[in-house]
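What follows is a set of notes on a single structure, which appears directly below.
Protein chains: 2
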Amino acid sequence: MRKFVAQRTKSLLKNTSTTSSLLFNHYSHQSSSLNSRYYNNINNNNYTSRFARFFTSINDTTSMASDKSTPPVTVESLNPKVLKCEYAVRGEIVSLAQKLQQDLLANPGSQPFEEILYCNIGNPQSLGQQPITFFREVLALCDHPTILDKSETQGLFSADSIERAWQILDQIPGRATGAYSHSQGVKGLRDSIAAGIEARDGFPADPNDIFLTDGASPAVHMMMQLLIRSESDGIFCPIPQYPLYSASIALHGGTLVPYYLNEETGWGLEISELKKQLETARQKGITVRALVVINPGNPTGQVLAEDNQGDIVEFCKKEGLVLLADEVYQENIYVPEKQFHSFKKVARSMGYGDKDIPLVSFQSVSKGYYGECGKRGGYMEVTGFTPEVREQIYKVASVNLCSNISGQILASLVMSPPKVGDESYESYFAEKDGILQSLARRAKTLEDALNNLEGVTCNKAEGAMYLFPHIRLPNKAIQAAEAAKKAPDAFYASRLLNATGIVVVPGSGFGQVPGTWHFRCTILPQEEKIPAIVTRLTEFHQKFMDEFRD
Amino acid sequence: MRKFVAQRTKSLLKNTSTTSSLLFNHYSHQSSSLNSRYYNNINNNNYTSRFARFFTSINDTTSMASDKSTPPVTVESLNPKVLKCEYAVRGEIVSLAQKLQQDLLANPGSQPFEEILYCNIGNPQSLGQQPITFFREVLALCDHPTILDKSETQGLFSADSIERAWQILDQIPGRATGAYSHSQGVKGLRDSIAAGIEARDGFPADPNDIFLTDGASPAVHMMMQLLIRSESDGIFCPIPQYPLYSASIALHGGTLVPYYLNEETGWGLEISELKKQLETARQKGITVRALVVINPGNPTGQVLAEDNQGDIVEFCKKEGLVLLADEVYQENIYVPEKQFHSFKKVARSMGYGDKDIPLVSFQSVSKGYYGECGKRGGYMEVTGFTPEVREQIYKVASVNLCSNISGQILASLVMSPPKVGDESYESYFAEKDGILQSLARRAKTLEDALNNLEGVTCNKAEGAMYLFPHIRLPNKAIQAAEAAKKAPDAFYASRLLNATGIVVVPGSGFGQVPGTWHFRCTILPQEEKIPAIVTRLTEFHQKFMDEFRD
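Quick note, the sequences are listed as chains Z and P, same order. When we follow the working numbering, the leftmost residue of the first sequence carries the number 6, and every step to the right adds one. When we follow the working numbering, the leftmost residue of the second sequence carries the number 6, and every step to the right adds one.
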């Protein structure tokens, strides 16, 4: 069925004719019974424009008028941008994993493994990571503030979580955690976040620049919605990239302009490559509007050096590009020789102020050491736009009213965690450090194991939550994949899943140099499971190579 | 500044030339240093299509290639769909209110009122409504499950909230409330919701038809994104309508096709009007794809009669329209002669099964008696689409990973509240009944007060949270509004705000029969404040009429 749909989709995309764009589509309407009733541009509060009647009769451009009913909704009649969008992280391989999991539940022992290990997605708590206690204490108290005054509460919650909950409630008008907030998020929580950014960067941050969102994804969509006017607008993205970007660009009808990271230099981001690709894009008539940088990298795990970041800032400044900085893995750094520097800090260090460069930094509560994916909290810090453009960003945010308040609270907490001297500090630090140290060990163990496999090389995971090994597949395996109508890396990943229960995402979901094959594997399974994973992976790979070796 | 921007926006919208739509916009890219590197349709896991290279050179259609940098981001260079979108509920009048509130804080006594009363938005807890205790107990326990086993917890939480929290945690894989869930939401929570729908309707509901979302707004956006291909696609909306619909249609580039509710018959939805407007739209070349019905009505407050709903179902069935049923006010009914019937129940009662009519029902935790706007929970029940179309809906949901888990839990709770015999039942029922009875009294008091004003008539608020009075303004007031470059209803609303601190939304934000003027006012201020509001409103209106009476 899936294949059938894909083919029908493809044929639709080939055959759909282009339609011209009419900017004013509120058509005038006439009514025989009520002549004074006409369609009055209802979206506009402005008196002048409301009376100006910008009606474009679509009669002029089409002749589709018909008495027949609208045909039923089919895949062919859906928005082609939706059909084009793909998101491999929850794609075909995950459907297969869910099927296998159901089989395992129904018939234990029916598979050569006991459980499915979801290494496809950065979802730490789904694999057993425990939440940070202090954060959850505060969230629970803000959810049910009537217990704050009760004596039993002192026995259940730390003193500083109770104090913090009071502080947060006092920042929320009417202490109403059940009310819609300001469309950018509760002002007091934005104050805390701005203070956290200042402490991190050593440069001022303005709470009015913060837009709290339900995770980073809606923030990315919002920026794409604002910047993309048509397929002639391009967004520069790294290849490999996190497929939210390709999906969002497809949904908003723009063009993804690729720049390749250099695997040989540890997924280096080279300015010469940016220049070359920008020139190519411009020659093709693309207006490149923004540059996406993911630092630390997803799926590639590299951490950019500060001078490299400076070059990227210069490049964006010179070329007039909005710098979209995906910095959601800013807390996930595993090597002592690397440090996270925000692009805003780098730009400010170079002397560029708010007026010099449009820069959006995305942050999320889903990543870091906290990994609170289910809370859907995050923010974007929006700098370097004119007040008029900012007003439009605010308007789009206001259509969705606000992001969820628990997510807002958590976003403020991760940017202002307990400090030395607070009752929770020691246990908080132990939890945080334990998770980060363990992640570093897991990354190293898996990286070494992958590098020991025949034909596999794997760059170091300096940060983020993933490894992205390069697998050199024998020609026989590539032919077998072709016969199975799968990409070679998808063929490898589905064989791996069927043999071991380990779910990884084929590199083709992220983009890769054509003719090379990779997969993305998270470093998130609990540490005690890592040795067994290494064994299963090694055994599988050896058998796979034995089967297909040229 | 605002006006200046509005004018520039308008001029931009007038001048922007149409661009032809290219469906394949991943252009091929060449690289001198790495000839084998070319842009490899990264969004597609399908082997065949990944190798088919659907590259359309944009060179053929544009000649914009340039060596110069991209011009800076200005309002003129933003997506024109964004510029066109408006959302009056958080528009100009609210900006003025926020300014006045700051003035009041800085200089108490500087205004002729002591506080701003936000009657612009259905946000009950912002005006002092307290959350339902049972729901908040369960949410707090799910946020911090480690206290579930502690003895102090028994003293702080009801026994059934503890039991319910355990049940919910057991439904969540790994009890991980901090993990991303299935993209449609946690399966066990969808089971509870489906059971709640079955209990409400007396017809089966399938948990696989439920998509949990961050409130109803993202669900509405998702359906618009799927259905709207271009401005030739129309979405039927009531006038007056909730401006989320006009905003979402504008953002997705479709055409709002209006049908007018009949104010004279209590905002009646007449099939003859639907037929007439559909014919007009089709004559203009619009493919009308879906019909939005808001029941109970927003901003109009009417509750549809069951036989009227049956006629609407027949109409959609005959005309091939997707029925988008905004049923977020299903719990808010204030008159004994009216009852809520879901459109799915009505369709099933008529003998129409899942295959007969595509129908989407939107529900939210923000409304009802619970009014948990800040939790951003909600769902859509999607029926009557083919599996292939459903797969596309799932794909779009999966790009955003999942909705927030607290919102998901709350959505399941409002559809399965405490039952007779549960420890919390009595207090739960008392809280619920107290809120609904009070809302009914407030609606009646405000309705009567409005009907007592010179030149004002106001239909009954049978349901929802709003009154939408018709104000007949003297010619002098209309001229004064024109001189102030405001719509007459916006002029009235800003005068009202400046004199009383009461924030209402001008009718022009929702749409109204041209030449008529209205405003939307929520019934949500706390009951003890209603008499003072009535007095202030009555005094203001009399003075306003004295000033402008012809």
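We treat Cβ as the ideally placed atom computed from N, Cα and C, and that holds for glycine.
Query	Result
Should Z/T158 be flagged as near chain P, meaning a C-beta pair shorter than 8 Å?	yes
Quick one: complete alpha helix (DSSP H) runs, 4+ long, within the region 88 to 164 of chain Z?	97 to 111, 138 to 148, 156 to 161
For P/V508, write down the residues that DSSP places opposite it in a beta bridge.	P/Y123
Which residue from Z/Q230, Z/A454, Z/S411 puts its Cα closest to that of Z/I398?	Z/Q230
How long is the line joining the alpha carbons of Z/Q116 and Z/L529, rounded to whole angstroms?	23 Å
Going along chain Z, which residues have a C-beta under 7 Å from P/R234?	N84, P85
Assign Z/E552 to buried or exposed, taking buried as 16 or more other Cβ atoms, counted over all protein chains shown, within 10 Å of its Cβ.	exposed
Work out the CA separation of Z/Y339 and Z/Q442 for me, nearest whole Å.	8 Å
Going by beta carbon distance, what residues of the same chain come within less than 7 Å of Z/P536, once the five residues before and after it are set aside?	none
To the nearest angstrom, report how far apart P/T79 and P/L279 are at their CA atoms.	41 Å
At a Cβ cut of 8 Å, what residues of the region 172 to 194 of chain Z count as close to chain P, listed as they run along the chain?	P178, G179, A181, T182, G183, A184, Y185, S186, S188
Compare the beta carbon distance of Z/A102 and Z/P511 with 8 Å and say whether it is the shorter of the two.	no
Run through the DSSP bridge pairs and tell me what P/F241 is partnered with.	P/V262, P/L296
Tell me, please, which residues DSSP counts as bridged to Z/D331.	Z/I299, Z/F367
If you measure beta-carbon to beta-carbon, which residues of the region 280 to 307 of chain P are closer than 7 Å to chain Z?	K281, Q282, T285, R287, Q288, K289, G290, I291, T292, V293, R294
At least one CB of chain P closer than 8 Å to the CB of Z/H149: is that the case?	yes
Could you work out which residue in P/H257, P/I240, P/M227 is closest to Z/R234 when comparing CA atoms only?	P/H257
Whose Cβ in chain Z lies nearer than 8 Å to the Cβ of P/T388?	Correct list: empty, because the minimum Cβ distance to chain Z is about 12 Å.
Any contact of the region 511 to 520 of chain Z with the region 490 to 498 of chain Z, i.e. 3+ C-beta pairs under 8 Å?	yes
Kindly list the residues whose CB is nearer than 7 Å to the CB of P/W272, restricted to its own chain and excluding five residues on each side of it in sequence; keep chain order.	L266, G302, T305, Q307, N464
Return the residue from the list P/A482, P/L542, P/Q484 that minimises the CA-CA distance to P/R506.	Residue 506 of chain P is actually Gly in this sequence, not Arg. Comparing Cα positions, the closest option is P/L542.
For Z/L415, which option in Z/C378, Z/F390, Z/V401 has the closest C-alpha, if you only look at C-alpha atoms?	Z/C378
Is DSSP giving Z/T543 helix, strand or coil here?	helix
CB Z/I215 to CB Z/R294, shorter than 8 Å?	no
Out of Z/D555, Z/L501, Z/H546, Z/H523, point me to the one whose CA is closest to Z/Y123's CA.	Z/L501
Let me see if you follow: with CB-CB separation under 8 Å, is P/K400 close to chain Z or not?	yes
Should the region 150 to 161 of chain Z be regarded as contacting the region 124 to 141 of chain Z, the criterion being three or more beta carbon pairs within less than 8 Å?	no
For chain Z, check one thing: does any of its Cβ atoms lie closer than 8 Å to the Cβ of P/L88?	yes
Mark Z/N409 as exposed unless 16 or more other C-beta atoms lie within 10 angstroms of its C-beta, in which case mark it buried.	buried
With 16 other CB atoms within 10 Å as the buried threshold, where does Z/L110 fall?	exposed
I'd like to know whether the C-beta of Z/L406 is nearer than 8 Å to at least one C-beta of chain P.	yes
Taking only the alpha-carbon atoms, compute the straight-line gap between P/D453 and P/H546 and give it to the nearest angstrom.	14 Å
Kindly list, in the order they appear in chain P, the residues whose Cβ is closer than 8 Å to that of Z/V327.	V78
Hey, quick one: how far does the alpha helix (DSSP H) through Z/V394 stretch, first residue to last?	392 to 404
Are any of the Cβ atoms in chain Z nearer than 8 Å to that of P/T53?	With a pLDDT of only 34 at P/T53, under the threshold of 50, the placement of this residue in the model should not be trusted; the figure read from the coordinates follows. Cβ-Cβ to chain Z under 8 Å: yes for P/T53.
Which bits of chain Z does P/K432 rub up against, with CB to CB less than 8 Å?	According to the sequence shown, residue 432 of chain P is Ser rather than Lys. Those within 8 Å of P/S432 in chain Z number zero; the least Cβ separation is about 12 Å.
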